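Residue numbers (this note's numbering), protein chains in the order written: chain H, 13 to 625; chain L, 25 to 362; chain S, 64 to 357.
Built from N, CA and C at the ideal position, the CB exists for glycine as well.
Note that the coordinates shown come from a computational prediction; the quantities given were computed from them, not determined experimentally.
Notes to accompany the following structure.
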Amino acid sequence: MQHRTIHRLFFLLLLLLALAVTVACQPIVTTVEQAPAPAEEAASASDDPRAQTLNVAVSRPFADPTSYNIYTPGFDRSRTGLGAMVHEYLFYLNLETGDYIPWLATGYEYNDDYTAITVNLREGVKWSDGEAFNADDVVFTYQMLRDNPGMVWANEANQAVASVEKIDDLTVQFNLTEPNPRLHLVREAFPAVPVWSGITIQPEHIWSQVDDPVAFKNDPPVGTGPYTLANATESAFTYERRDDWWGAEVFGVTPAPQTVNFMHVGPETSVALSLAANEIDTPAIGILSPGAFDSVKNRNDRVTAWLPELPYAWYDPCPRALMFQHEHEPWGDPNMRKAISSLIDRDQIVALAYEGATTAANTIWPAYSGLQPYVASISGIINDSAVTYDPDKAEALFTDAGYEKDGDGFWSLNGERLAPALLTNADSAENMKVAQVIADQLEAGGVAVQLQPLSGSVQNTALLEGSWDLYAPQPFCPGTIYENMELFHSKFYVPTGQSAPWYERNSFRYQNPEYDAIVDEMLAALGAGADEATLIDIYDRGMEIWYNDLPVTPLVQAPALVPFNTTYWEGWPNAEDPWMMPVNWWATMNLLLTGYPTPDGSGWVEGIHPAGQ
Amino acid sequence: MNAYLIYVARRLVILLATVFISMTVVFFVPRLVPGDPLGAIFANMASVGGSVNAPELVAEYRLRFGLDRPMWEQYLSFWRELLRGNLGFSISNFPAEVSDMLLSALPWTIGLLLVTTLLSWTLGSIIGAVVGWRGRQAGGWRLLVPVALVLYTIPYYILAIILVFSFAFHWPIFPLSGAYSVGMQPGWNSAFILDVLRHAILPALSILLVSLGWWFLSMRSLIITLKGEDYILNAEARGIFERRIMWGYAFRNALLPQATGLAISLGHIVGGALITEVIFAYPGVGYRIYNAINSLDYPLIQGGVLLIILSVAAANFLIDILYPLIDPRIRFEGTGGS
Amino acid sequence: MAVVSIQKNAGERRQGVFWALLRNHKFVIGSSIFLVLLLIALIGGLTVDLAERRSGAFPTRQPPGPEAILGTTSLGQSVAIQMTEAIPNSVQVGLIAALVGTLIGAFIGFTSGYFGGWVDAVLRILIDVFLSVPSLLFLILIAALVRGVEVTTMALIIGAFAWPSPARQVRAQVLSLKERGFVQVARLSGMGGLEIIVRELMPHMIQWLGANFVNAFIAAVLAESGLSILGLGPQREMTLGMMIYWALSFSAVFQNLWWWWATPVLALMVLFLSLYLVHIGFDEVSNPRLQTEI
């Protein structure tokens, strides 16, 4: 009797198993016909609301959909799209082409000793409530920042800018605290952006009535941009195009989409499926993995990326590197750093952790065409350095330093095993994958590395205070020549135990006065308007020291895999036609929709347009 | 009656002790961890640019959130504000208030949990009673036992993954995630409600099926145990209809321990639902707390946990004081249950 | 006289429990499945070389085939080899947590029931409080804050929340035994406190403790897999929950790498099922009426 029940039990289990296997083994539908029919012909744009809407998928829901103040710390500057749709900036920097695009302003000029910059504002710019945008708003915004140190970037702005003067309604003068020939590129202090957002000019007629600008909810948000915030919920911020945008008159163009949604559709799988089903047009950075993108492409051939083939991805400005904690022995010794660097197989990291969607890096600068001359000039230095996979070299370096392999095959010095702690950010899937592969590679090379994933504030504190031996992967931003060189300047040095200025800003505690001198020389040269040949020469000398010391070791270029679904919207930038950065998570996104004036001011680079038109 | 009142007082003490101990733990544990809640905000700010360890900025926010005061002072003011009903501001979502954030998330959790729990408890008890009573005569229904066994042993989230894979991905019948379609305006209209229901089916199903299995099995074993009791045999001997005996005698008596089981497992259900919320990106209280923990957002963590502890403890309390009123056999020394 | 007969009965009963368990089909089948699974994993693990465990050791994303019988992951590791690590680790968590929880619980429940009085009053409140607290919530809180744990630490943390249930059960048992006069008789015949505990009360407890232990085991493995899927698990070591976590973070479901997520899911299900059968076995032995036909 009991046998029968047991039999029944197992039969049922087997049935379930069989069901599961059958379900799993079914080939996933791959033909496009299975997906809901895409709008093949020129979508009768006036009829189909979907053809008028641009849907951007973001990585997380919006924790607080009731506050629209870009200056509050808790505000989601990267996902809500407020900085791109509602707000605008004086200038935009197109990283792809290098153009500095005038928008709310028409031009700028430094004085002779770079202690002041005069900006000419554009005529005809209006706020969404009809009031004119002029110098009063700029002056007021900076005064507000001075009075309220709790506002985001108030500190940076106040440190760089001493005061802002109104010369006339359309002219403003920024008086700087010290000579700075690069202020116009510092978005934390000057309202011009290449990326996320930065100092945003707010309407004086509204904000001057506000008691506490930090807690102000700014509902509804008033900006100069072509869209208004129509609706905000936890899962979506919806923007509607407005007819009275100043740019329609002044520039004669309007952005193509009537409605733009920044929405949270769910985890990676949901995003991939929505993209394949034409429900969204593009996801934000970091959501889709290359493998998932591959699957999407197989299901829907109207989904494209920057490159038509692997590595697919566009390069984010911040290449990844492995940092060494110089104040922990033996990582103050350049030979030990080179040994570790030689044990790292960067191509394998690309293949495994990034699924082939990027390339190995041998510098800490992004592979942008504008930076090519610099990188090309140091190719000799790079070849002689220790940034490639060379296990024999590593072995030689260890042995020379007096290390021996113990019974288990791990390097030890005087009986003590070399066991560095590799810290990484457990919240980031990318970090976990890369750190895992690196840990395995180092272990294979005989280094008994201890992987230490931390997260949230704990990780933040540990990273800044330097309580680690190795850290990987760390993005090195902002990716421009001077600024990335400056990260290694000892003026940013603080002892371990105290908070370093930022993650990649010398949290590794590197000090070399010779190198400092070169960096200072570079800054002076930039201020003096030196030509590229001079700059490259300084750069070479700096890199010779850098590669000899190898304070951190480059790992990979940062992939920004951003697919675009061309079913409803076409004209997206790609490798063949790199007219703009393909980003929907930066404030520069509005340029993708409206386009921008050509550098000589005579024409217009067009933005995206409805499919088929 | 006196004994009952003493019993109620005891349960009340337990309720208060539960809340007090839990909140104290929730207060201190995050603060003892080496990490700065402000660090999370600054990391958020910095992820979009700039180094932000400016002393003035840090000082300003420490002041705003009272983080510059000694811990015992923060603890006391925490209770003071709590008794006034003020849960404070969320650090990582400033200026959003904790109460607002929790209130907006609450309906989803209640909807998901309460409905599925009550449904599975009721269905499971009824079916379990029938199968338990009929024994071999239940026929094909007996297959439910191994099914329930398998279902019960699957963790919520595993079943959630399987359901998502099968019914949202492979056969795209149901939505993959979220509580309602994007662009839908929350409101009391049929379109929205239908949309919500459509989105709720998979998460609810994963919780429902697993709990169903458990209630089914436990009711069944209770009924089987009761079947041999003397008063049942007595009733049968007296010729009362079998159906009446089953529902009127056995089922009613089994309901009570089954209800206690519900009370005990409430805490467990809430925890498991948290993971389901994360998998389905369902905007409930559990999802909020999870994110708050990661950013060391003290006030939000405290508020969220308080909400959950209070509801679970209050539910337990209610069941505990109602139970003896229904079952006269209970004596109030508290037999410790079994 | 009384002493001798009691001792003899206790001995017989002890023997009785053990053999009764072995005669119970569900117990036997459940334990066998569990042990077979564990042994396969352990023995398999012994045959594996350290180098084979590293990322890149196998071609990535291969379906089950001759090289890797359960397929490979996106990081180029063999799923089967990962299972030889994951199963023992998950079992280890369950074992340690259940041991810690049951022992602490038994001790507290015992003290509470045996000594009575104010000790009992205080401990009972403590037990009730911890029973009504949603432990997974606090586990998540603690695990999220104490990041970078190892398997043993995780097991201890989980075990710290596992004691209320056994405590309550043991206390109830002790109380009922007290009333049934075992203790009085034993005292009358001159047995000391400790002797009473070991000789008289323990044998009755074995089946209860056994059922509780298995329960705690299941709950612990459940908790660990839940925490791991949320990303709060022992990131440096492989457990069944961590395998699912890695599979999900590489989007295995969408990329149709079913072998990667289905294997640990099935393993968990089989584990739970077998343990539940063992649990039923314990239940039926202590309450023979449950041994009816399904």
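Own chain partners of H/Leu133 with C-beta closer than 6 Å, once the 5 adjacent residues on each side are dropped: Ala117, Leu182
Alpha-carbon spacing of S/Val253 relative to S/Ile188, whole angstroms: According to the sequence provided, residue 253 of chain S is Gly. The question's Val does not apply to it. Spanning the two alpha carbons is a distance of roughly 33 Å.
Within chain L, the residues that H/Lys229 reaches when beta carbons sit closer than 8 Å: Pro119
Rounded distance between the beta-carbons of H/Pro485 and H/Val446, thought under 8 Å: 5 Å
Proximal residues of chain S, C-beta to C-beta of L/Ala337 below 9 Å: Within chain S, the residues placing a beta-carbon under 9 Å from that of L/Ala337 are Val192, Ser195, Val196, ordered along the chain.
Helix, strand or coil at L/His223 according to DSSP, with G and I counted as helix: helix
Within-8 Å CB hit, L/Ile345 to chain S: No, L/Ile345 does not count as interfacial toward chain S.
Per-residue DSSP class, three states only, for H/Tyr608: strand
Rounded C-alpha distance that separates H/Glu280 from H/Val70: 10 Å
Burial state of H/Lys655, where buried means 16 or more other Cβ atoms lie within 10 Å: Nothing about residue 655 of chain H can be read from this structure; chain H reaches only from 13 to 625.
For H/Lys350 and S/Leu359, the rounded distance between their alpha carbons: Residue 359 of chain S cannot be examined here, being either before or after the span of chain S that is shown, 64 to 357.
Supposed contact pair H/Leu322 and H/Ala369 - C-beta distance, whole angstroms, cut 8 Å: 7 Å
Cutoff 6 Å; reference H/Met555; Cβ partners in own chain excluding five residues on either side: Ile390, Ile393
Per-residue burial, S/Phe178 [other beta carbons within 10 Å of its own, 16 or more giving buried]: exposed
Whether L/Ala287 touches L/Ile343 by CB criterion (8 Å): It is a contact, given that the beta carbons lie within the stated cut-off.
Short Cβ contact (8 Å threshold) for H/Leu105 with H/Leu197: Yes; because the gap between Cβ atoms is below 8 Å, this pair is in contact.
Simplified DSSP assignment, three categories, for L/Phe113: strand
Contacts of S/Leu138 in chain H (Cβ-Cβ under 8 Å): Listed along chain H, the residues sitting closer than 8 Å to S/Leu138 by beta-carbon distance are Leu364, Ala365, Lys445, Gln448, Val449.
Coarse secondary structure for S/Trp322, derived from DSSP in three states: DSSP, reduced to helix, strand and coil, places S/Trp322 within a helical segment of the structure shown.
Reduced DSSP secondary structure (H/G/I, E/B, other) of H/Asp328: coil
Rounded C-alpha distance that separates L/Phe86 from H/Ser511: The residue asked about is misnamed: residue 86 of chain L is Arg in this sequence, not Phe. Computed Cα separation, rounded: 17 Å.
Buried versus exposed call for H/Glu618 [16 or more other C-beta atoms within 10 Å across all chains shown]: With fewer than 16 other Cβ atoms within 10 Å, it is exposed.
Among L/Val43, L/Ala27, L/Val50, L/Leu39, the one whose alpha carbon lies nearest that of L/Leu313: Checking the displayed sequence, the identity of residue 313 of chain L turns out to be Ile instead of Leu. Comparing C-alpha distances from L/Ile313 to each of L/Val43, L/Ala27, L/Val50, L/Leu39 shows the shortest one belongs to L/Val50.
Inter-residue Cα distance where the pair is H/Asp88 and L/Pro199: 26 Å
Sequence ranges, beta strand (DSSP E) only - wholly within the stretch 391-445 of chain H, length at least 3: 423-425, 433-437
Rounded straight-line distance, which links the Cα of S/Gly176 to that of S/Ala160: 23 Å
Beta carbon proximity, H/Pro39 to chain L, threshold 8 Å: Residue confidence is low: H/Pro39 scores 34 on pLDDT, short of 50, so the model does not pin down where it sits. No coordinate-derived value is stated.
From H/His340, H/Lys309, H/Thr250, H/Leu430, residue whose alpha carbon lies closest to that of H/Val574: The residue from H/His340, H/Lys309, H/Thr250, H/Leu430 with its alpha-carbon nearest to that of H/Val574 is H/Lys309.
Through-space distance from H/Thr245 to L/Asp219, alpha-carbon basis: 16 Å
Terminal residues of the alpha helix (DSSP H) in which S/Met306 lies: Where S/Met306 is concerned, the enclosing alpha helix (DSSP H) stretches over 303-312.
Boundaries (first-last residue) of the beta strand (DSSP E) holding H/Lys178: 173-180
Alpha helix (DSSP H) runs contained entirely in the stretch 102-185 of chain L, provided each spans 4 or more residues: 122-158, 168-177
Pairwise C-alpha distance: L/Asp124 and S/Val341: 47 Å
Where S/Phe313 falls, given that 16 or more other Cβ within 10 Å makes a residue buried: buried
Contiguous alpha helix (DSSP H) assignments of at least 4 residues, all confined to the stretch 302-338 of chain L: 309-318
Straight-line Cα distance separating H/Trp208 from H/Thr492: H/Thr492 and H/Trp208 have their alpha carbons spaced roughly 16 Å apart.
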